[in-house]
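Chains as they are written, first to last, in full-length UniProt numbering: chain P, 1 to 300; chain W, 1 to 276.
Where a beta carbon is used, it is the ideal one built from N, C-alpha and C, also for glycine.
Okay, so here's the structure we're looking at.
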């Protein structure tokens with residue numbers, strides 16, 4: 001087949017650019033499988049979520065249309081605002097730390113001469129683990145009676161069960177689990193900075209920290225904004241590790257937006273109101289994405 | 001001054017290795033615990049190394065639990081999700097990249113808008129849909145919502161766009177059908193992208209917790225990540241067994257990563273758009 005793609009054919013290639021009669025039909029056939037799945041499992045549920053949010057539905061039965069009543073209720077719902085605050089607190093504890101740790105790891109790994117891939121693998125490995133393996137590991141390590149932290153420090157803190165420690169501990173576990181990905185992105189960024197740039201800087205007399213300040217850091221900035229963006233969005237979506245480690249406790253202090261939605265739908269069986277939370281959740285994510293897109297495009 | 005230049009890199013390298021060791025220590029500790037007896041795992045004076053090492057905990061976990069069934073469920077669903085996702089995305093991306101047809105821009109816009117919608121916001125309507133289709137606790141119920149990946153289309157389309165137009169045109173002039181061009185020219189050319197999307201899709205599907213958590217209630221239908229959360233309740237305070245379960249649950253992805261390390265990292269970079 002590839003043999004037939006010969007140079008002589010290129011002479012007539014202008015004609016071939018015209019869409020053939022059957023092109024529309026072929027395109028439809030090629031798009032149909034994805035389009036069908038997309039409409040059924042993405043577009044339809046999206047519209048359905050909006051529609052359900054305007055009704056008083058249970059989890060499986062559609063209830064009467066109530067207009068914006070759910071949205072009015074949401075605005076005055078202390079539990080929702082608490083969940084939003086908890087989500088924000090988690091984002092505060094993770095977004096910048098995980099970006100900085102990823103950057104430091106990348107700088108450390110990038111300058112290694114030997115065993116570079118090996119050390120990179122050590123840092124990246126947790127990222128490929130399923131969330132429940134991660135939570136089982138840390139529940140064992142931080143177990144207040146038998147865990148290794150207890151054995152080494154004598155601490156009897158119930159890390160996931162106390163008000164002061166629950167959220168920060170989940171944040172630390174999350175950073176351990178996911179930071180390898182940020183490191184990977186930063187390493188890719190570091191590899192894109194050419195040797196010549198560094199050589200020119202050293203000819204100009206830049207040394208040590210100056211090279212980082214004036215060369216590495218500015219050239220890494222696009223990656224940094226990418227990492228911050230991805231981190232912020234993923235921290236707004238936090239649910240599983242929090243659910244498995246604290247269950248939202250103690251006293252709902254770690255119950256985040258998605259868990260509030262999940263509890264409302266699958267525990268209280270209020271599908272309509274839960275859909276309202278889902279729409280609010282989507283709007284918050286959308287707002288954050290748009291603000292970031294605007295900030296990023298202004299920099300260019 | 002000169003001495004500092006020699007000492008500092010050595011210290012930095014040493015610190016990096018130490019940090020790397022500390023980073024995987026939780027994994028090593030889980031393996032060590034899983035090889036201990038229950039008495040050693042909870043001994044008041046810390047036992048660092050299992051003495052003697054035994055596979056009793058692993059044996060008990062496999063014999064008592066649903067673990068083999070969960071492996072089967074995870075393998076079947078992840079493989080199907082990966083194959084279908086890659087196939088659907090490659091077909092659609094080829095149409096978007098190489099064919100001209102009516103409504104192309106509107107459709108493309110509709111697909112890319114999908115990237116903005118978080119899957120988490122669709123849980124309730126998706127659950128209702130699957131419930132209406134009697135797909136709760138079925139493979140179809142686990143698989144179907146996971147085969148829609150606008151990002152895969154986006155990555156494929158970018159790759160197809162970069163293939164010189166002349167190749168497509170020349171093949172058309174030679175009378176090859178679009179299907180033949182896709183299958184015989186574009187697919188063979190896209191090996192790296194296929195691997196990248198395939199690996200990332202497989203790992204994400206294997207590790208997905210949220211959707212299986214919503215759609216499966218019977219222990220027999222659970223996937224590995226979900227099943228692992230069940231064993232602690234079943235065993236109470238059997239820590240060696242719990243860690244053996246965690247080790248067995250993490251083993252497939254750890255092995256896959258160690259074997260395909262470069263493919264995995266390149267896959268994630270490709271999907272983020274940092275590598276073509």
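> Taking buried to mean at least 16 other C-beta atoms within 10 Å of its own C-beta, is residue 161 of chain W buried or exposed?
Replying inline: By the 10 Å Cβ count, residue 161 of chain W comes out exposed.
>> Please list the terminal residues of the continuous alpha helix (DSSP H) segment that includes residue 49 of chain P.
In response: 44-52
> Per DSSP, what kind of secondary structure is residue 197 of chain P in: helix, strand or coil?
Replying inline: helix
>> So residue 124 of chain W and residue 274 of chain P are supposed to be a Cβ contact under 8 Å. How far apart are they, rounded?
In response: 6 Å
> If the cut is a Cβ gap below 7 Å, which residues of chain P does residue 35 of chain W touch?
Replying inline: Going along chain P, no residue has its Cβ under 7 Å from residue 35 of chain W, so there is no contact; the nearest lies around 14 Å.
> If residue 67 of chain P sits next to residue 183 of chain P, beta carbons under 8 Å apart, how far is it from one beta carbon to the other, in whole angstroms?
Replying inline: Residue 67 of chain P to residue 183 of chain P, Cβ: 49 Å. No contact.
> What residue ranges within the region 22-97 of chain W form continuous beta strand (DSSP E) runs of no fewer than 3 residues, ordered along the chain?
Replying inline: none
> How many Å lie between residue 32 of chain W and residue 243 of chain P at the Cα?
Replying inline: 27 Å
> How is residue 254 of chain P classed by DSSP in three states: helix, strand or coil?
Replying inline: coil
> Taking buried to mean at least 16 other C-beta atoms within 10 Å of its own C-beta, is residue 268 of chain P buried or exposed?
Replying inline: exposed
>> If contacts are defined as beta-carbon pairs under 8 Å, then residue 94 of chain P and residue 241 of chain P qualify, I think. What distance do you get, rounded to the angstrom?
In response: With 8 Å as the limit, residue 94 of chain P and residue 241 of chain P do not qualify as a contact, their Cβ atoms being about 11 Å apart.
> Where does residue 157 of chain W land, buried or exposed, given buried means 16+ other C-beta within 10 angstroms?
Replying inline: Classification for residue 157 of chain W: buried.
> Quick one: which chain P residues come within Cβ less than 8 Å of residue 11 of chain W?
Replying inline: Correct list: empty, because the minimum Cβ distance to chain P is about 12 Å.
> For the putative contact between residue 54 of chain P and residue 257 of chain P, defined by C-beta atoms under 8 Å, what is the C-beta separation to the nearest angstrom?
Replying inline: Going by Cβ atoms, the distance from residue 54 of chain P to residue 257 of chain P rounds to 20 Å, so no, they are not a contact pair.
> Does DSSP classify residue 60 of chain P as helix, strand or coil?
Replying inline: It is coil, neither helix nor strand.
>> Between which two residues does the alpha helix (DSSP H) holding residue 279 of chain W run?
In response: Past the edges of chain W, shown from 1 to 276, lies residue 279 of chain W, and the structure says nothing about it.
> Counting Cβ pairs, one atom from each stretch, are 3 or more of them under 8 Å apart for the region 86-105 of chain W and the region 28-35 of chain P?
Replying inline: yes
> Does DSSP classify residue 153 of chain P as helix, strand or coil?
Replying inline: helix
>> Against chain W, does residue 60 of chain P count as a neighbour if the rule is that its beta carbon must be under 7 Å from one of theirs?
In response: yes
> When DSSP builds the beta bridges, which residues end up paired with residue 55 of chain P?
Replying inline: P:65
>> Is there a Cβ of chain W sitting closer than 7 Å to that of residue 169 of chain P, yes or no?
In response: no
> Within this structure, are the beta carbons of residue 247 of chain W and residue 257 of chain W separated by less than 7 Å?
Replying inline: no
>> If contacts are defined as beta-carbon pairs under 8 Å, then residue 201 of chain W and residue 77 of chain W qualify, I think. What distance do you get, rounded to the angstrom?
In response: In fact, because the Cβ distance is near 12 Å, the residues do not count as touching under 8 Å.
>> Starting from residue 147 of chain W, trace the alpha helix (DSSP H) in both directions and tell me its first and last residue.
In response: From DSSP, residue 147 of chain W is part of no alpha helix (DSSP H); its letter is neither H nor E.
>> Am I right that residue 127 of chain P and residue 178 of chain P are in contact with their C-beta atoms under 8 Å? What's the rounded C-beta distance?
In response: About 6 Å; that satisfies the 8 Å criterion.
> How would you call residue 270 of chain W, buried or exposed, if buried means at least 16 neighbouring beta carbons within 10 angstroms?
Replying inline: buried
>> Along the chain, where does the alpha helix (DSSP H) containing residue 162 of chain P start, and where does it finish?
In response: Premise fails: residue 162 of chain P is in no alpha helix (DSSP H) and is neither H nor E.
> Between residue 65 of chain P and the rest of its own chain, which residues show a CB-CB distance below 7 Å, the 5 nearest in sequence each way excluded?
Replying inline: 54 and 55
>> Let me make sure I understand the geometry here. Which of W:9, W:163 and W:231 has the alpha-carbon closest to that of residue 190 of chain W?
In response: W:163
> Taking contact to mean at least 3 C-beta pairs separated by less than 8 Å, is the region 158-168 of chain P in contact with the region 190-205 of chain P?
Replying inline: no
>> Residues of chain W with CB closer than 8 Å to the CB of residue 193 of chain P, please, in chain order.
In response: Simply none; closest approach about 14 Å.
>> Given this structure, state the Cα-to-Cα distance separating residue 51 of chain W from residue 98 of chain P, to the nearest angstrom.
In response: 38 Å
>> What are the residues in the region 252-269 of chain W lying within 9 Å of chain P by C-beta distance?
In response: 253, 254, 256, 257, 258, 261, 262, 264, 265, 268 and 269
> Roughly how many whole angstroms lie between the Cα atoms of residue 6 of chain P and residue 237 of chain P?
Replying inline: Per-residue confidence for residue 6 of chain P stands at a pLDDT of 41, beneath the threshold of 50, marking its modelled position as unreliable; the derived number appears in the next sentence. Using only the alpha carbons, I get a separation of about 51 Å.
> What's the call for residue 263 of chain P, buried or exposed, on a 16-neighbour Cβ count within 10 Å?
Replying inline: buried
> At which residues does the alpha helix (DSSP H) containing residue 243 of chain W begin and terminate?
Replying inline: Residue 243 of chain W -> alpha helix (DSSP H) spans 239-259.
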